[in-house]
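Novice:
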């Protein structure tokens, strides 16, 4: 079924009105040599059949619904209040497109305005855009913005080795052929002191992450000194941050950061095997014209009533074409809506509470696991909800054992950090009940024997 | 009454959620790390629901009515897609789970890669790009890598003047010099102008075909020959693929690299401006450069279902990640918009080959029928058979109303306006794409509304200039928005 409403009689009537004999005639401009190929695709299915098939292949997966998920590393299993899917599944939101006609798009526009407002509140920044594709592309776009803020004259970008490995990879793809040099992350021991020493007059920005990929929270006082050092050489400080951690910790905006970005998935968006997520992006008011991406602004209508429109579109590709700040043409509107509903539902108290539960449960788990023979917690305090544990056996073997016991194990750091052999990055959110932490400890104790 | 903002609804002390107790002994919080104020709104659950439901009622979507936004393919989004994408076995999987625990996801992605290869006529597909614009950027980076590996310094990308603005932006972002190619009187690429630019500096041509005028280029094979003849590559912008399903495979005609828009052609919802999904397909010569990882299928003695202790299938395969050998790298975190892929997969499985061809045929039938009817009232940019969309000129003889006024007046008739002022080469453009999911009755009603609006333009032009009259708000002051820049609402500072 192609969801097409015409009857054969109607098709004939329409062809007559057009003045052709057959539908095939409408395709006369298509080269005859390759017209009407026979596509080899499976036979069509009914709803009954497709859903049966999809349920079956979905059942091949181990999901965080049946298993206790200890995996984080940039995508997090947090509680999503029921109000979030209830709103996001309203088709007035999901079957609309980019709000080019503001008079009949006030729902999307005001929701994004609310999202921008709450991202500013969360990060401590002055302006936020309507979102990028994800955390990695938001980092890459932050670097592009810093490069253009320096009018393309500075050629170095410093990346912390503790920035998510995939963010660093995406940044490198985005800057291929740009003549920019990305460095700093070549040695895992390059800490903030080492990065600070690498700052020079040719550096356009320094990118750090808190909590780091390994879960550690950077001290606000240290971030402030880093921002001062960056500004002293005319470079920008870009901070990637976990939005849930901002329920508890001092935001980068209060530490002198110039651009604050991050993966916004944790704000009300399910894991979905890696996407779609959203990248949040915030900067100072003074830099707003250098920022890429959609922006919603407040205005009034012809009768003086408050309304919202896409604004500063003169930065964008549909007007500036090759001179645009970026090629980004859309945002992750529906994911940003989920984030807005999530932040509204949790509010000031709820977000603080979620962050506290994660913090305390993660520290409790680390403390218990650290006392087991053969296991050692390698993270330095304070961390947020993730910590590094060295194990008495390879992590892939440990994770197989955990799977048998109903756990999706942590991230195997030997894949990305060769110096952390046999180390796992465990994540404990509010979705891991205390009893499950205790059971995990028992399972690990058995494994270590 | 306009809907208040959350920061106006906020009452200190309210909360819209319930959360568990910490439940474990608390650890000390580090000194100097904890934030003093978190100025998020404080509202109840009922407040949240009513606020956002009321906002939703201010929106127009495909589920409300006809949305003929040119080049956006606003077709109906089947509800079964939403059911499929909400199956917990898909939704609650983490991107870093070991491959043997996500064989279902990998199998679906592998199948979708195969479907897209077959539909587009390509040797390989990567599902990673997040949207059409990112697909373009990916393709251009692949073209760069291809030439670089051959030791060639080609620095120009040609782009027709009818192209979408993302094409030049994507090329410039990748460090190429953008040169515009003219269109000829029939709306094709001007072959002479194109040939004049085909030389050893040409990296590639970005071509949208059918183009944004809704026209299939009458010299497509000559264009391919000219570009390939000088060593350049052909990039296909698949924004308008809806017209081509089962009609022609871009890879077979000679496109080297091409992006699909799952949110246009394959019926996944546009979400108010995202998430989309822009997979890239390419020829065998470009396959090594695709962004990764992509999914590969290996023969296996063990069936995927057996990993969970029970057999599900007779065919036994194991699905794994693989990185194309000379990949341009990752273009985004993780693997792409998986939940969007589930919807597109569902759509393709529901339609099959015959259904997909029916889509293209009815999309083109609808556009030609509507072009015929609209052409009785408004001048058309080109008097030619169109594909899935066409461009009308939004002027009425004997009246000074503009395309914008006509667009806004359509809102009062209950329709979403067409794309206006694009493509840039047509003054006062109204770019109309009906899609295949609209009935003849809807098309007739839309054409009738345009006829009445043209009449109003002559008799009561202020009705158009002040339109819309029946929308939640009247025309908005965009100049004020850009000049005064209010981009957020802040709560009063905590006392």
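Chains as they are written, first to last, in the working numbering: chain A, 1 to 449; chain B, 1 to 495. Even glycine gets a Cβ: it sits at the ideal position worked out from N, Cα and C.
In whole angstroms, give me the CA-to-CA distance for residue 307(B) and residue 322(B).
Specialist: Looking up residue 307(B) in the second chain gives position 307. Looking up residue 322(B) in the second chain gives position 322. Confidence at residue 307(B) is low in this model, with a pLDDT of 49, below 50, so the placement of that residue should be treated as unreliable; the coordinate-derived value is given next. For residue 307(B) and residue 322(B), the distance between alpha carbons rounds to 21 Å.
Novice: Are the CB atoms of residue 440(B) and residue 10(A) within a distance shorter than 8 Å?
Specialist: Start at 1 with the first residue of the first chain, and residue 10(A) comes out as number 10. Start at 1 with the first residue of the second chain, and residue 440(B) comes out as number 440. The answer is yes: Cβ separation under 8 Å.
Novice: Determine, using beta carbons only, whether residue 31(B) and residue 13(B) come nearer to each other than 8 Å.
Specialist: What you label residue 31(B) is simply residue 31 of the second chain in a count that begins at 1. What you label residue 13(B) is simply residue 13 of the second chain in a count that begins at 1. No; because the gap between Cβ atoms is not below 8 Å, this pair is not in contact.
Novice: In the DSSP assignment, what are the bridge partners of residue 166(A)?
Specialist: In the first chain, residue 166(A) corresponds to position 166, counting from 1. According to DSSP, which records beta bridges pairwise, residue 166(A) is partnered with nothing at all.
Novice: Once the 5 residues before and after residue 168(A) are set aside, which same chain residues still bring their CB inside 7 Å of it?
Specialist: Here residue 168(A) refers to the residue found at position 168 of the first chain. Hits under 7 Å: 159, 185.
Novice: Residue 309(A) CB to nearest chain B CB: under 8 Å?
Specialist: As a working mapping, residue 309(A) is identified with position 309 in the first chain. Interface residue, yes.
Novice: Listing by chain order, which chain B residues have their CB less than 8 Å from the CB of residue 300(A)?
Specialist: The residue labelled residue 300(A) in the question sits at position 300 within the first chain. Per Cβ cutoff of 8 Å: 476, 477, 480.
Novice: Going by CA-CA distance only, name the one from 437(B), 420(B), 394(B), 60(B) that's closest to residue 451(B).
Specialist: In the second chain, residue 451(B) corresponds to position 451, counting from 1. Nearest C-alpha to residue 451(B): 394(B).
Novice: Closer than 8 Å is the cut-off here; do at least three beta carbon pairs connect the region 326-338 of chain B with the region 269-284 of chain B?
Specialist: The region 326-338 of chain B vs the region 269-284 of chain B: in contact.
Novice: What are the residues in the region 445-472 of chain B lying within 8 Å of chain A by C-beta distance?
Specialist: So the close ones are 466, 468, 471, 472.
Novice: Looking at the secondary structure, which residues open and close the beta strand (DSSP E) in which residue 235(B) lies?
Specialist: Translated into the one-based positions of the second chain, residue 235(B) becomes position 235. Looking at the DSSP string, the run of the beta strand (DSSP E) that includes residue 235(B) is 233-237.
Novice: Using CA coordinates, which residue listed in 302(B), 437(B), 194(B), 333(B) is at the minimum distance from residue 365(B)?
Specialist: As a working mapping, residue 365(B) is identified with position 365 in the second chain. Considering only alpha carbons, the answer is 437(B).
Novice: Would the beta-carbon of residue 146(A) fall within 8 Å of that of residue 204(A)?
Specialist: Along the first chain, one-based indexing puts residue 146(A) at 146. Along the first chain, one-based indexing puts residue 204(A) at 204. In contact: residue 146(A) and residue 204(A) (Cβ atoms closer than 8 Å).
Novice: What distance in whole Å lies between the Cβ atoms of residue 443(B) and residue 369(B), which are believed to be in contact at a cut-off of 8 Å?
Specialist: In the second chain, the residue the question calls residue 369(B) occupies position 369. In the second chain, the residue the question calls residue 443(B) occupies position 443. Yes, they are in contact, since the Cβ atoms of residue 369(B) and residue 443(B) sit about 6 Å apart, within 8 Å.
Novice: Does the separation of the CB atoms of residue 391(B) and residue 423(B) fall below 8 Å?
Specialist: Along the second chain, one-based indexing puts residue 391(B) at 391. Along the second chain, one-based indexing puts residue 423(B) at 423. Yes, they are a contact pair.
Novice: Let me know the secondary structure DSSP gives residue 386(A) once reduced to three states.
Specialist: Here residue 386(A) refers to the residue found at position 386 when the first chain is read from its first residue. Reduced to three states, the DSSP call for residue 386(A) is strand.
Novice: Pick from 445(B), 409(B), 353(B): whose alpha carbon is nearest that of residue 248(B)?
Specialist: Mapped onto the second chain, residue 248(B) falls at position 248. Residue 248(B) has its Cα closest to that of 353(B), out of 445(B), 409(B), 353(B).
Novice: Return the chain-ordered list of same chain residues with a C-beta closer than 7 Å to the C-beta of residue 183(B), the five sequence neighbours on each side being excluded.
Specialist: For the purposes of this step, residue 183(B) is taken as residue 183 along the second chain, with counting starting at 1. Cβ neighbours of residue 183(B) beyond the five flanking positions: 160, 161, 162, 189, 190, 425.
Novice: Taking the alpha carbon of residue 256(B) as the point to measure from, which residue in 238(B), 73(B), 272(B), 362(B) has its own alpha carbon closest?
Specialist: On the second chain, position 256 is the one that residue 256(B) refers to. Considering only alpha carbons, the answer is 238(B).
Novice: So, helix, strand or coil for residue 412(B), using DSSP?
Specialist: The residue labelled residue 412(B) in the question sits at position 412 within the second chain. Looking at residue 412(B) - three-state DSSP - the assignment turns out to be helix.
Novice: Within its chain, find whatever has a CB closer than 8 Å to the CB of residue 495(B); leave out the 5 residues flanking it on each side and keep chain order.
Specialist: Position 495 of the second chain, counted from the first residue, corresponds to residue 495(B). The predicted position of residue 495(B) is uncertain, since its pLDDT is 41 and thus under 50; a value taken from the coordinates is nonetheless stated next. Cβ neighbours of residue 495(B) beyond the five flanking positions: none.
Novice: Within 10 angstroms of the Cβ of residue 309(B), are there 16 or more other Cβ atoms? Answer buried if so, exposed if not.
Specialist: Looking up residue 309(B) in the second chain gives position 309. Caution applies to residue 309(B), whose pLDDT of 44 falls short of 50 and renders its modelled position unreliable; the value that the coordinates give is listed next. By the 10 Å Cβ count, residue 309(B) comes out exposed.
Novice: Using C-beta distances below 7 Å, list every residue in its chain close to residue 246(B), excluding the 5 sequence neighbours before and after it, in chain order.
Specialist: The residue you call residue 246(B) lines up with position 246 of the second chain. Result list for residue 246(B): 353, 356, 357, 360, in chain order.
Novice: Check for me: the alpha helix (DSSP H) holding residue 121(A) runs from which residue to which?
Specialist: Position 121 of the first chain, counted from the first residue, corresponds to residue 121(A). Start and end: 106-123.
Novice: Among all the DSSP beta bridges, which residues are the ones paired with residue 181(A)?
Specialist: Indexing the first chain from 1 puts residue 181(A) at position 181. Its beta-bridge partners are 156(A).
Novice: I want to know whether the region 132-149 of chain B touches the region 162-181 of chain B - three or more CB-CB distances under 8 Å.
Specialist: Yes, they touch.
Novice: Distance check for residue 269(B) and residue 226(B), CA to CA, integer angstroms please.
Specialist: Within the second chain, the letter at position 226 stands for residue 226(B). Within the second chain, the letter at position 269 stands for residue 269(B). One C-alpha to the other measures close to 38 Å.
Novice: Chain B beta carbons: is any one of them nearer than 8 Å to that of residue 157(A)?
Specialist: Counting from 1 along the first chain, the entry for residue 157(A) is found at position 157. Answer no: the Cβ-Cβ gap between residue 157(A) and chain B never drops below 8 Å.
Novice: Counting only C-beta atoms, is residue 358(B) closer than 8 Å to chain A at any point?
Specialist: Counting from 1 along the second chain, the entry for residue 358(B) is found at position 358. Yes - at least one Cβ of chain A is within 8 Å of the one on residue 358(B).
Novice: Are the region 62-79 of chain A and the region 84-98 of chain B touching by the rule of at least three beta carbon pairs closer than 8 Å?
Specialist: Judged by Cβ distances under 8 Å, the region 62-79 of chain A makes contact with the region 84-98 of chain B, as three or more pairs qualify.
Novice: Measuring CB to CB, does residue 18(A) end up less than 8 Å from residue 384(B)?
Specialist: Translated into positions along the first chain, residue 18(A) becomes position 18. Translated into positions along the second chain, residue 384(B) becomes position 384. Not in contact: residue 18(A) and residue 384(B) (Cβ atoms no closer than 8 Å).
Novice: What is the rounded straight-line gap between the Cα of residue 194(B) and the Cα of residue 308(A)?
Specialist: By 1-based counting over the second chain, the position of residue 194(B) is 194. By 1-based counting over the first chain, the position of residue 308(A) is 308. Looking at the two C-alpha atoms, the distance is approximately 43 Å.
Novice: Look at the Cβ atom of residue 367(B), then the Cβ atom of residue 387(B), and state whether they are nearer than 8 Å.
Specialist: As a working mapping, residue 367(B) is identified with position 367 in the second chain. As a working mapping, residue 387(B) is identified with position 387 in the second chain. Yes; because the gap between Cβ atoms is below 8 Å, this pair is in contact.
Novice: Any beta-carbon of chain A closer than 8 Å to the one on residue 256(B)?
Specialist: Here the question's residue 256(B) lines up with position 256 in the second chain. It does not: the Cβ of residue 256(B) has no partner Cβ on chain A nearer than 8 Å.
Novice: Rounded to a whole number of angstroms, what is the C-alpha to C-alpha distance between residue 25(A) and residue 50(A)?
Specialist: Taking the first residue of the first chain as position 1, residue 25(A) is located at position 25. Taking the first residue of the first chain as position 1, residue 50(A) is located at position 50. So the two alpha carbons sit approximately 34 Å from each other.
Novice: Helix, strand or coil: which one does DSSP assign to residue 262(A)?
Specialist: One-based indexing of the first chain puts residue 262(A) at position 262. Residue 262(A): strand per DSSP, three-state reduction.
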